[in-house]
Amino acid sequence: MPEPPAHIPPELRALGWDEEWQAAFLEAGREGTQPARLAVPRKKSYTVLTASGEMEAVVPGKTWHTEGAAGQPVVGDWVALEVVSDTASPVIRQILPRRTILTRKMPGEKVAEQYVAANVDVLFIVCGLDMDYNVRRIERYLALAREGGVQPVVLLNKEDLVEDAARFRDEVIESAGEAPVLSLSATEQTNVAAVETFLGAGITAAFIGSSGAGKSTLINALLGEERQDTQEVIEGTDRGKHTTTRRELIP
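Residue numbering for the sequence shown follows the numbering used here, beginning at 908 and increasing consecutively.
See below:
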């Protein structure tokens, strides 16, 4: 059995680790491992966050062939990490049972699911109140959140670009059910504080929306610093160029 720490390190608790995760980790019984959270998937490795800092970890090759997509680590996963030495790459030995999972359909000969992010508490569905506005797309994202056991929150961004943001909000409320719907402007910092009420210590939030909706600008506004690259929106199309598409856990 892995040895439990005398208390939960604040560095882990800030990443969402709690007593339930602690119990799941001990039940896994992976001797010589420590908990880590997957932050960034790369081609041949994974950036993981631990109580002692950031590391680059690998997965045993057999995992890909024996467990399929469900056995592959995704952003947000908690894992049992084995650190063998200072020179060898840490190894992900086990994925702890996921509390929630966000997936998307991958079209092809057979419709398959791609695991996108795990253990997300809140899914912010970002839609720009410009040419990006699409109620049907919002409804699809709402379904994705609910199917994965995640709390959805709809954010209607760029309210400064329209005269009657309340009209759009009322329309979305009719389709959103119990999901909160907020209108805001990330660039003008209008109503961003309302988004913060859904966040807190240990809460994991994901942002989803089309290119140019303002996800990166909103994340930067919430963090209070420029952590995500942003680009101007192409005039006449309302599409951001070179906008953020990768999946990453930002502590």
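Each residue gets a CB set at the ideal place from its N, CA and C atoms; glycine is no exception. If you're wondering where the values come from, they're calculated on a predicted model, not measured in any experiment.
For Gly-1035, the residue or residues it bridges with in DSSP: Asn-1064
Option nearest Glu-963 by Cα separation, candidates Arg-944, Gln-979, Glu-1103: Arg-944
In DSSP terms, what Pro-942 is bridged to: The bridge partners DSSP lists for Pro-942 are Ala-987.
DSSP state of Thr-1124 mapped onto helix, strand, coil: helix
Rounded straight-line distance, which links the Cα of Gly-978 to that of Thr-1137: With a pLDDT of only 49 at Thr-1137, under 50, the local geometry of the prediction cannot be trusted, and the value read off the model is given with reservation. The alpha-carbon atoms of Thr-1137 and Gly-978 are separated by roughly 33 Å.
Within the stretch 1070 to 1115, ranges of the alpha helix (DSSP H) (whole runs, at least 4 residues): 1072 to 1083, 1099 to 1103
Alpha-carbon to alpha-carbon, Thr-957 and Val-1061: 31 Å
N-terminal and C-terminal residue of the beta strand (DSSP E) that Glu-961 is part of: Counting along the chain, the unbroken beta strand (DSSP E) around Glu-961 starts and ends at 960 to 964.
Any C-beta of chain B under 7 Å from that of Ala-1073: No chain B is part of this structure, which consists of one protein chain only.
Meets three-Cβ-pair contact criterion under 8 Å: the stretch 1117 to 1129 and the stretch 1025 to 1044: yes
Through-space distance from Ala-1101 to Val-955, alpha-carbon basis: 30 Å
Distance between Ala-1128 and Glu-1085 (C-alpha atoms, nearest Å): 26 Å
Leu-1089 classed as buried or exposed, judged by whether at least 16 other C-beta atoms fall within 10 angstroms: buried
Alpha-carbon spacing of Glu-918 relative to Glu-1070, whole angstroms: 44 Å
Under the three-state DSSP convention, the category Gln-1058 falls into: strand
Beta-carbon separation (whole angstroms), Ala-921 vs Gly-1109, contact threshold 8 Å: At roughly 7 Å, the Cβ-Cβ gap stays under 8 Å, so Ala-921 and Gly-1109 are in contact.
Spatial distance of Ala-1052 from Ile-1008 (CA atoms): 9 Å
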